[in-house]
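Quick note: the sequence shown uses my numbering, first residue 1, plus one each step.
Even for Gly, the Cβ is constructed at its ideal location relative to N, Cα and C.
Quantities reported herein were computed from a predicted structural model and do not represent experimental measurements.
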Amino acid sequence: MQIAQLIKSGELNATVTVNGWVRTFRSNRFIALSDGSTIKTIQCVVDFDTIDPELIKRITTGAAVKITGKLVESLGKGQSVEIVVENIAILGDANPEEYPLQPKKHSLEFLRENAHLRPRTNTFGAILRVRHHLSFAVHKYFNDNNFFYMHTPVVTGSDAEGAGEMFRVTTHDLENPPRNEEGKIDDTQDFFGKATNLTVSGQLEAELGALALSKVYTFGPTFRAENSNTSRHLAEFWMIEPEIAFANLTDNMDLAEDFLKYCIKHVMETCPDDLAFLEQRRLDAEKDMPQAERSAMSLTDSLKFVLDNPFQRLSYTEAFNILRNSKPNKKKKFKFLINEWGADLQSEHERYLVEKEFKKPVILYDYPKEIKAFYMRQNDDNKTVAAMDVLFPGIGEIVGGAQREERLDVLKEKMATFDVDEKELWWYLETRKFGTAPHAGFGLGFERLMMFLTGMSNVRDVIPFPRTPKNAEF
Ligand code: 4AD
Ligand code: MG
């Protein structure tokens, strides 16, 4: 039986068998055993008179064991049931001289270097379970709302975001690639007969799906070779991208808000023990920080707060005016000062709006066309596009989306200005030529939402094996 089930519904006085890893072994008598099915451990009580002393020595932190015994009510504090051990078998030793995870506090940095073992800690066990439940919530939400899950390709020839931050995919002999007459590397001789890369977004293909099935979503890994070593960027991250036909920007904002709230609620309902642990972890971690750097609310309070309040919606222009007249701008406290309409907003500005001005999630919309991607729908003012970003406290941008440019002539013009090759995207353009329709969608960074849900402050700590510049270990 798994420990989660035993604790919840184990039959008292029954003989049970559990497998797991020893967390601690106290007084040669009390084993705290974990199998990862829950944050809780089960106490297994050893009678050292009846167990071989050689075996007792091998019960060390990290060892894998199989235990058979009687499930009884526990007299000790902190647990309802425990196992009186009748038989114990060591499945795998963990030499205490060498095993890196000892029952003490390890730094998050140390645990990153030991990412192969960190799922065995309370913190990362909790994070992995939350990750699972959050993924499940994503699929459940869309399935319940009649979206179809569409698998968009990982290898692609196009750069959806036009930012040029792509990882090349090639089978060329890198020492000696084939060259054409001009001496340039000949992509026509590469595996796919053209230059390819790992996708930065499934959006363009999701649009093709939406213009046939009306409501689709993708949920897969995306890759960005941006050399930004921040606490919010990964080179490989998971993105959820719904795309809806016959919809405008307001529909898109409504969907994003409803979806985010659903996911948060689902995790609060399915992971109460893990969230309680993570809440306490953050409190402990922030104890020694100056007040100003501590989180404004407890983890649970901040989740509830997002659920209970409508997101603040305002246009870029409104936000620009607020920022330009803000104290940190006037006192030149912002690293990037806000003077000219059209400036891209940095995370310091986004966080000012969310954490200082409105104190709740914000949806910014109608951005200057120059700072957003080519596929966003041009507004009638000819200056802005129907873009939207959802900004979260402590995180900044969590969602980026838009109503798409569905008018063939406008789209072609846009592509020309952004230097996007029409020949590359002929298939995308054909959906505007044949049966085009208004449609919209967005991308949610799965790890950014994980950060919000778990209260972890570094994106490297909410994905099992982070990929960042100079780091692809494990
Ligand atoms: O704003 P982005 O670049 O939007 C798109 O890719 C659109 N094609 C989405 C769409 O409309 N279908 O990225 C969307 C979200 C961001 O808001 C952020 O949460 C996350 O993806 N994101 C990252 N997360 C972790 N590491 C990175 N390097 C990220 N880059 C973007
Ligand atoms: Mg964005």
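Ends of the alpha helix (DSSP H) at residue i?
{"i": "residue 454", "result": "446-454"}
{"i": "residue 117", "result": "Note, residue 117: premise wrong, no alpha helix (DSSP H); not H, not E."}
{"i": "residue 250", "result": "249-270"}
{"i": "residue 225", "result": "Residue 225 -> no alpha helix (DSSP H), and no H or E assigned at all."}
{"i": "residue 461", "result": "That residue, residue 461, is in no alpha helix (DSSP H); it is neither H nor E in DSSP."}
{"i": "residue 5", "result": "3-9"}
{"i": "residue 428", "result": "426-433"}
{"i": "residue 423", "result": "Looking at the DSSP string, residue 423 is not in any alpha helix (DSSP H), and its letter there is neither H nor E."}
{"i": "residue 54", "result": "53-57"}
Am I right that residue i and residue j are in contact with their C-beta atoms under 8 angstroms? What's the rounded C-beta distance?
{"i": "residue 398", "j": "residue 444", "result": "7 angstroms"}
{"i": "residue 238", "j": "residue 465", "result": "Actually they do not touch by this definition, with Cβ atoms about 12 angstroms apart."}
{"i": "residue 162", "j": "residue 374", "result": "6 angstroms"}
{"i": "residue 34", "j": "residue 23", "result": "5 angstroms"}
{"i": "residue 363", "j": "residue 451", "result": "Contact flag wrong, Cβ pair sits at about 19 angstroms."}
{"i": "residue 111", "j": "residue 124", "result": "7 angstroms"}
{"i": "residue 428", "j": "residue 204", "result": "6 angstroms"}
{"i": "residue 157", "j": "residue 196", "result": "5 angstroms"}
{"i": "residue 478", "j": "residue 472", "result": "Residue coverage of the chain in this structure runs from 1 to 474, which leaves residue 478 outside it and unanswerable."}
{"i": "residue 269", "j": "residue 224", "result": "That pair is no contact at about 33 angstroms."}
{"i": "residue 68", "j": "residue 54", "result": "Their Cβ separation, rounded to whole angstroms, is 19 angstroms, which puts residue 68 and residue 54 out of contact at 8 angstroms."}
{"i": "residue 436", "j": "residue 406", "result": "5 angstroms"}
What residues are listed by DSSP as bridge partners for residue i?
{"i": "residue 44", "result": "31, 83"}
{"i": "residue 242", "result": "217"}
{"i": "residue 441", "result": "243, 402"}
{"i": "residue 141", "result": "DSSP, once it has assigned bridges, lists no residue as partnering residue 141."}
{"i": "residue 73", "result": "81"}
{"i": "residue 378", "result": "385"}
{"i": "residue 67", "result": "18, 88"}
{"i": "residue 148", "result": "216"}
{"i": "residue 468", "result": "471"}
{"i": "residue 277", "result": "For residue 277, which the question treats as bridged, DSSP gives no partner whatsoever."}
{"i": "residue 237", "result": "222"}
Let me make sure I understand the geometry here. Which of the options has the alpha-carbon closest to that of residue i?
{"i": "residue 142", "options": "235, 9, 244", "result": "244"}
{"i": "residue 392", "options": "368, 378, 358", "result": "358"}
{"i": "residue 211", "options": "99, 432, 468", "result": "432"}
{"i": "residue 390", "options": "234, 249, 180, 7", "result": "249"}
{"i": "residue 6", "options": "29, 21, 28, 43", "result": "43"}
{"i": "residue 121", "options": "62, 164, 153, 233", "result": "62"}
{"i": "residue 73", "options": "372, 83, 66, 102", "result": "83"}
{"i": "residue 505", "options": "201, 32, 106, 89", "result": "Nothing in the structure corresponds to residue 505, since the chain is present only between 1 and 474."}
{"i": "residue 284", "options": "456, 20, 328, 259", "result": "456"}
{"i": "residue 153", "options": "430, 134, 181, 207", "result": "207"}
{"i": "residue 383", "options": "469, 262, 341", "result": "341"}
{"i": "residue 76", "options": "119, 287, 159, 30", "result": "30"}
{"i": "residue 12", "options": "70, 38, 217, 354", "result": "70"}
{"i": "residue 89", "options": "117, 37, 60, 115", "result": "60"}
{"i": "residue 15", "options": "114, 1, 28, 21", "result": "1"}
{"i": "residue 316", "options": "304, 265, 425, 379", "result": "379"}
{"i": "residue 470", "options": "440, 311, 227, 354", "result": "227"}
Just reading off the beta strand (DSSP E) that residue i is part of, what are its end residues?
{"i": "residue 366", "result": "362-368"}
{"i": "residue 388", "result": "384-392"}
{"i": "residue 401", "result": "396-403"}
{"i": "residue 101", "result": "First-last for residue 101: undefined, no H or E at that position."}
{"i": "residue 25", "result": "15-26"}
{"i": "residue 196", "result": "196-198"}
Suppose only complete runs of 4+ residues qualify. What are the alpha helix (DSSP H) ranges in the stretch 289-348, listed by chain order?
Along the length of the stretch 289-348, whole alpha helix (DSSP H) runs at least 4 residues long occupy 299-308, 316-324, 327-330, reported in chain order.
Quick check on the DSSP output: what are the complete alpha helix (DSSP H) runs of length 4 or more inside the stretch 152-196, in order along the chain?
none
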